[in-house]
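> Start counting the sequence shown at -16; every next residue gets the next number (our numbering). Beta carbons: idealized from backbone N, C-alpha and C, even for Gly. The structure's right below; bear with me while I get my questions together.
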Amino acid sequence: MHNSQSIVEMPLNERMDDLLEHFGSWKLLVALVRASRRRRQIRQLAEHLSPQLRRDIGLPETEVIFPRRLSLWDIRP
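Structure representation (structure tokens):
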């Protein structure tokens, strides 16, 4: 199956060579950094959402971790 897919799809190293040749290394590097920042911003915007809402918009669910309650035994000297 891999051989039949590789006929249609260009291997990664050839694709990267084409991109580097067409755009140059600096433009490609800047595009990768911008894409990384964009993904980080999207994750930060969705941090406060409930697991159900995250699932509805296609993000991975996170567990709800409640803060530990303060106990009187924690105040000991």
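1) List the endpoints of the continuous alpha helix (DSSP H) containing Ala18.
2) From which residue to which residue does the alpha helix (DSSP H) around Pro34 run?
3) Helix, strand or coil, according to DSSP, for His5 in the structure here?
Working from what's here:
1) 8 to 28
2) 34 to 39
3) helix
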